[in-house]
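As they're listed, the protein sequences go chains A and B. First residue of the first sequence: 1, per the numbering used here; consecutive thereafter. First residue of the second sequence: 1, per the numbering used here; consecutive thereafter. These notes are about the structure you will find just below.
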Amino acid sequence: MSDDVIWHCIRHNHCSFMAKITTGIFCRNPYNATGICNRSSCPLANSRYATIRDHDGIFYLYMKTAERAHLPNKLWERVKLPRNYEKAMDVINKHLEFWPKLLVHKIKQRLTKMTQYRIRMKKLQLKVREKVMTMPRKQTQRDLRRLEKAEKAAQLEKNIESELKERLKKGVYGDIYNVPFKEFDEVLDMERDEVVLEEEDEEEGEVEYVEGDDMEEMDHMDDMEDFEGLSDGGTDEDDHLDDQVPKKPKGSGSNLKQNAGERSRKVMTEVEQDEETNTRQMTRM
Amino acid sequence: MAKEKKRKQPASDAAPPQGDEGEGRRERKGKKAKKDKADAILPSQIKNKDKRSELHSKIKREKKAEKRKLARERSQAIRRAEELGEQPPERQVPRTIENTREPDETVCRPDDQELFAGNDADEFNDVLKQHMIPKVLITTCRFNSGRGPAFIEELMQVIPNSHYVKRGTYELKKIVEYAKNRDFTSLIVVHTNRREPDALLIIGLPDGPTAHFKLSKLVLRKDIKNHGNPTSHKPELVLNNFTTRLGHRVGRMIQSLFPQDPNFRGRRVVTFHNQRDYIFFRHHRYIFETKESKVASKDKKAKTSESKSQPEKQVICRLQECGPRFTLKLLTLQHGTFDTKSGEYEWVHKPDMDTSRRRFFL
Numbered sequence: 001m002s003d004d005v006i007w008h009c010i011r012h013n014h015c016s017f018m019a020k021i022t023t024g025i026f027c028r029n030p031y032n033a034t035g036i037c038n039r040s041s042c043p044l045a046n047s048r049y050a051t052i053r054d055h056d057g058i059f060y061l062y063m064k065t066a067e068r069a070h071l072p073n074k075l076w077e078r079v080k081l082p083r084n085y086e087k088a089m090d091v092i093n094k095h096l097e098f099w100p101k102l103l104v105h106k107i108k109q110r111l112t113k114m115t116q117y118r119i120r121m122k123k124l125q126l127k128v129r130e131k132v133m134t135m136p137r138k139q140t141q142r143d144l145r146r147l148e149k150a151e152k153a154a155q156l157e158k159n160i161e162s163e164l165k166e167r168l169k170k171g172v173y174g175d176i177y178n179v180p181f182k183e184f185d186e187v188l189d190m191e192r193d194e195v196v197l198e199e200e201d202e203e204e205g206e207v208e209y210v211e212g213d214d215m216e217e218m219d220h221m222d223d224m225e226d227f228e229g230l231s232d233g234g235t236d237e238d239d240h241l242d243d244q245v246p247k248k249p250k251g252s253g254s255n256l257k258q259n260a261g262e263r264s265r266k267v268m269t270e271v272e273q274d275e276e277t278n279t280r281q282m283t284r285m
Numbered sequence: 001m002a003k004e005k006k007r008k009q010p011a012s013d014a015a016p017p018q019g020d021e022g023e024g025r026r027e028r029k030g031k032k033a034k035k036d037k038a039d040a041i042l043p044s045q046i047k048n049k050d051k052r053s054e055l056h057s058k059i060k061r062e063k064k065a066e067k068r069k070l071a072r073e074r075s076q077a078i079r080r081a082e083e084l085g086e087q088p089p090e091r092q093v094p095r096t097i098e099n100t101r102e103p104d105e106t107v108c109r110p111d112d113q114e115l116f117a118g119n120d121a122d123e124f125n126d127v128l129k130q131h132m133i134p135k136v137l138i139t140t141c142r143f144n145s146g147r148g149p150a151f152i153e154e155l156m157q158v159i160p161n162s163h164y165v166k167r168g169t170y171e172l173k174k175i176v177e178y179a180k181n182r183d184f185t186s187l188i189v190v191h192t193n194r195r196e197p198d199a200l201l202i203i204g205l206p207d208g209p210t211a212h213f214k215l216s217k218l219v220l221r222k223d224i225k226n227h228g229n230p231t232s233h234k235p236e237l238v239l240n241n242f243t244t245r246l247g248h249r250v251g252r253m254i255q256s257l258f259p260q261d262p263n264f265r266g267r268r269v270v271t272f273h274n275q276r277d278y279i280f281f282r283h284h285r286y287i288f289e290t291k292e293s294k295v296a297s298k299d300k301k302a303k304t305s306e307s308k309s310q311p312e313k314q315v316i317c318r319l320q321e322c323g324p325r326f327t328l329k330l331l332t333l334q335h336g337t338f339d340t341k342s343g344e345y346e347w348v349h350k351p352d353m354d355t356s357r358r359r360f361f362l
């Protein structure tokens with residue numbers, strides 16, 4: 001059968017490899033060198049044809065000639081192309097020495113393209129990729145159900161509270177929290193006088209600062225002193241100090257309360273104050 | 001709980017307390033007769049709806065009465081025993097999933113020498129014995145958006161000495177190398193899916209295990225009602241219910257994220273509570289208070305002065321939640337650092353492990 005007759009049949013009747021899409025007419029035949037359906041690149045309608053195929057990363061040069069057209073099982077002559085691009089070019093030049101220039105050019109183009117995509121493939125294979133896993137809905141739903149029940153069974157707040165109390169009883173916190181202990185009462189009774197003295201020492205500096213800062217307040221304080229003085233009957237100096245002592249802890253006490261309360265805003269400052277009170281407790285002990 | 005109680009009821013019928021044997025028997029007979037009657041005509045067999053509901057409600061009423069009667073008998077038995085000065089009959093313990101857990105030979109006893117020896121040899125020993133200060137690197141998956149950044153911000157406030165590094169396009173193995181070279185002790189990868197954090201990868205460094213957790217039920221601080229704001233003190237840690245070998249290992253891994261010398265003055269507590277293989281994370285601030293009466297606890301200064309006169313008081317602990325709230329579930333535990341291809345898995349969660357709801361691994 002002559003090539004022209006085949007081409008006529010293929011083009012005008014039917015070809016199972018032909019793919020007509022909006023961008024053009026293409027060929028699905030694996031031996032097609034360009035992938036386009038036309039007279040020169042049709043592997044069926046050309047008795048003298050060559051192409052390159054890829055078998056698991058190894059390229060082969062396929063050639064067919066009119067002499068073997070009647071032997072379909074020996075139709076294609078196959079030559080393995082070396083991995084090196086230049087050497088592969090040499091092999092192609094050697095085998096297709098007297099072939100039409102257009103076909104040789106097409107094959108060389110194909111070799112270039114295939115070498116590029118082989119390199120790209122290797123690169124992509126080396127790249128680390130995330131694996132997409134399925135999440136079976138049945139399992140996730142079951143998990144969620146069990147989670148909710150477990151959360152109820154956990155009684156988290158209660159457990160945490162009991163754990164913390166346990167730690168307090170074991171004395172993990174040392175003498176930071178001396179308030180709740182039984183010993184505290186005894187110690188407090190014993191050191192009651194000392195505490196007052198110590199606190200006085202602490203506050204003395206502060207009082208001086210206030211005096212220096214605001215004179216009017218001092219006057220006011222003096223007025224207060226008179227009342228206090230009447231009740232206590234002590235010296236003026238001492239009274240002044242005593243007056244200051246309860247004032248400060250009161251403030252810190254209310255702060256503490258706020259601290260633990262639900263809506264506390266100035267957390268940072270409060271905590272600092274709290275530390276102060278704690279250190280004072282330490283010194284007391 | 002309600003379900004447990006319901007289930008318990010027939011059991012107590014079958015084995016009544018030793019004291020009133022005769023009573024129990026009589027009652028059992030009565031019940032049997034009733035049962036026969038009920039078997040004869042089940043409500044579902046009646047087609048007339050009025051009749052059916054009538055019978056149903058009748059049966060229900062009878063059951064309720066029966067239950068009440070049993071409860072009364074029990075309380076009477078207790079009272080009688082008290083009057084006679086005898087040992088009261090044992091209280092019935094409700095059957096829960098926890099106390100009917102499938103026996104597991106790896107549950108650790110407190111005198112497990114082998115475990116302690118293993119603990120001393122494991123990867124976290126350096127950190128937990130305070131030879132090293134924990135330093136944590138936090139990073140994300142490739143695409144991080146939605147609640148991921150907010151979650152990381154809060155996580156960084158929870159874990160002291162933690163540093164956030166942008167993921168970029170680096171592979172995880174490269175990041176592990178990077179962290180190793182900079183003396184990080186652990187690496188946390190927050191994985192987000194559809195703009196929701198859904199997995200947590202904790203890698204112990206330099207050669208610690210890799211744990212992959214599923215993260216669910218994340219609630220950020222701003223969504224918690226009446227939340228507090230944490231301070232920068234080192235928090236203390238509560239690890240509850242990590243019983244088995246695997247549980248101990250995971251617990252130690254979590255422990256190694258935090259410094260081992262907490263600042264107790266900060267009154268911060270971070271909790272990892274394991275219940276039925278779910279690890280619940282909570283972050284609280286707490287305060288201890290003594291409570292005698294409501295008036296006394298109002299003013300701390302006043303209370304301390306009054307406490308001398310009133311020796312009877314009770315310590316309570318009050319909590320305020322702050323920071324994120326989430327739940328973890330262990331999916332895999334891998335020996336060595338992250339390596340999915342040739343890594344050796346110590347434990348992998350498989351679907352057939354979920355077949356019983358009384359089998360737990362942590």
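We put the beta carbon where it would ideally sit given N, CA and C, even for glycine. Small disclaimer: the values here were computed from a predicted structure and weren't measured.
Within 8 angstroms of any Cβ in chain A, is that where the Cβ of Ile-97(B) sits?
Yes, Ile-97(B) counts as interfacial toward chain A.
Neighbour list for Asn-159(A) in chain B, Cβ cutoff strictly below 7 angstroms
The contacting residues are Asn-240 and His-273.
C-alpha gap between Arg-91(B) and Gly-85(B), whole angstroms:
Between Arg-91(B) and Gly-85(B), the C-alpha separation is close to 17 angstroms.
First and last residue of the uninterrupted beta strand (DSSP E) at Thr-51(A):
For Thr-51(A), the uninterrupted beta strand (DSSP E) run begins and ends at 49–55, by DSSP.
Would you mind stating whether His-191(B) and Leu-205(B) have Cβ atoms separated by less than 8 angstroms?
Contact flag unset, no.
Quick one: give me the first and last residue of the alpha helix (DSSP H) that Cys-9(A) is part of.
It spans 3–12 - the alpha helix (DSSP H) in which Cys-9(A) sits, taken as one unbroken run.
Beta-bridge partners of Trp-347(B), as assigned by DSSP
Per DSSP, the beta bridge partners of Trp-347(B) are Leu-333(B).
Taking C-beta to C-beta, are Leu-111(A) and Val-104(A) nearer than 8 angstroms?
Going by C-beta atoms, Leu-111(A) is not nearer than 8 angstroms to Val-104(A).
Using 8 angstroms as the threshold, is the C-beta distance between Glu-321(B) and Val-128(A) below it?
Contact: no.
Along chain B, which residues have their Cβ under 7 angstroms away from the Cβ of Ile-176(A)?
Under the 7 angstroms cutoff, chain B gives Phe-264 and Arg-265.
Taking only runs of the alpha helix (DSSP H) that begin and end inside the segment 171–197 of chain B, which ones reach a length of at least 4 residues, in chain order?
Complete alpha helix (DSSP H) runs here, min 4: 172–181.
Taking the continuous alpha helix (DSSP H) assigned at Tyr-117(A), which residues delimit it?
101–126 is the extent of the alpha helix (DSSP H) around Tyr-117(A).
Using the C-alpha atoms, what's the distance from Phe-281(B) back to Thr-231(B)?
Rounded to the nearest angstrom, the two C-alpha atoms are 18 angstroms apart.
Closest by C-alpha distance to Thr-244(B), when choosing among Lys-51(B), Gly-343(B), Ser-75(B) and Leu-362(B):
The shortest Cα separation from Thr-244(B) among Lys-51(B), Gly-343(B), Ser-75(B) and Leu-362(B) belongs to Leu-362(B).
Measure the beta-carbon distance from Phe-59(A) to Met-121(A) and round it to whole angstroms, keeping in mind my assumption that it falls under 8 angstroms.
The C-beta separation of Phe-59(A) from Met-121(A) comes to about 13 angstroms, leaving the pair out of contact by the 8 angstroms criterion.
Check the Cβ-Cβ distances between Thr-327(B) and every residue of chain A, and say whether any is below 8 angstroms.
Yes, Thr-327(B) lies at the interface with chain A (some Cβ there is under 8 angstroms from its Cβ).
Which residues mark the beginning and the end of the alpha helix (DSSP H) in which Gln-139(A) is found?
Run containing Gln-139(A): 137–154, per the alpha helix (DSSP H) assignment.
Within the 8 angstroms Cβ cut-off, does Glu-292(B) reach chain A?
It does not: the Cβ of Glu-292(B) has no partner Cβ on chain A nearer than 8 angstroms.
Apply the 10 Å Cβ neighbour rule to Leu-144(A) and answer buried if 16 or more other Cβ atoms are within range, or exposed otherwise.
Exposed: under 16 other Cβ atoms inside 10 Å.
Neighbour flag for Lys-122(A) against chain B, beta carbons, 8 angstroms:
No - not a single Cβ of chain B is within 8 angstroms of the one on Lys-122(A).
8 angstroms contact criterion, which Ile-92(A) and Lys-108(A) should meet: CB distance rounded:
Lys-108(A) and Ile-92(A) do touch by the CB rule: their CB atoms are close to 6 angstroms apart, below 8 angstroms.
Using C-beta distances below 7 angstroms, list every residue in its chain close to Leu-102(A), excluding the 5 sequence neighbours before and after it, in chain order.
Result list for Leu-102(A): Ser-40, in chain order.
Stretch-stretch touch, CB-based, cutoff 8 angstroms, three pairs: the segment 30–49 of chain A with the segment 78–87 of chain A
The segment 30–49 of chain A vs the segment 78–87 of chain A: no contact.
Minimum C-alpha distance to Met-156(B) - residue among Arg-147(B), Ile-138(B) and Thr-169(B)
The option with the nearest alpha carbon to Met-156(B) is Ile-138(B).
In this structure, what does DSSP give as the bridge partners for Glu-321(B)?
Note: Glu-321(B) sits in a beta bridge opposite His-284(B).
Against chain A: residues of the segment 145–173 of chain B by CB proximity under 7 angstroms
Of all residues in the segment 145–173 of chain B, Glu-171 have a Cβ within less than 7 angstroms of some Cβ in chain A.
How big is the Cα-Cα spacing for Arg-68(B) and Asn-240(B)?
Rounded to the nearest angstrom, the gap between the Cα atoms of Arg-68(B) and Asn-240(B) is 37 angstroms.
Start-to-end residues for the alpha helix (DSSP H) that takes in His-56(B)
Its alpha helix (DSSP H) spans residues 49–84.
Compare the Cα-Cα distances from Cys-37(A) to each of Asp-56(A), His-12(A), Met-63(A) and Met-133(A) and report the closest residue.
Put simply, of Asp-56(A), His-12(A), Met-63(A) and Met-133(A) the residue whose alpha carbon is nearest the alpha carbon of Cys-37(A) is His-12(A).
Compute the Euclidean distance between the alpha carbons of Lys-217(B) and Glu-236(B), then round it to the nearest angstrom.
Roughly 23 angstroms between the two C-alpha positions.
Rounding to the nearest angstrom, what Cα-Cα distance links Ser-53(B) and Lys-63(B) in this structure?
Distance between the alpha carbons of Ser-53(B) and Lys-63(B) is about 15 angstroms.
Under 8 angstroms from the C-beta of Gln-139(A): neighbouring residues of chain B
Here the neighbours are Pro-351 and Asp-354.
Measuring alpha carbon to alpha carbon, tell me which of Pro-30(A), Leu-168(A) and Cys-42(A) ends up nearest Ile-6(A).
The candidate whose alpha carbon is nearest that of Ile-6(A) is Cys-42(A).
Note down, in chain order, each residue of its chain lying with its Cβ closer than 7 angstroms to the Cβ of Lys-180(B), except the 5 sequence neighbours on either side.
Taking Lys-180(B) as the centre and dropping the five residues before and after it, the same chain places the C-beta of Leu-205 and Pro-206 closer than 7 angstroms to its C-beta, in chain order.
Hey, could you find the ends of the alpha helix (DSSP H) Gly-208(B) is sitting in?
Neither: Gly-208(B) is in no alpha helix (DSSP H) and is coded neither H nor E.
Apply the 10 Å Cβ neighbour rule to Tyr-117(A) and answer buried if 16 or more other Cβ atoms are within range, or exposed otherwise.
Burial check for Tyr-117(A): the Cβ neighbour count within 10 Å stays below 16, so the residue is exposed.
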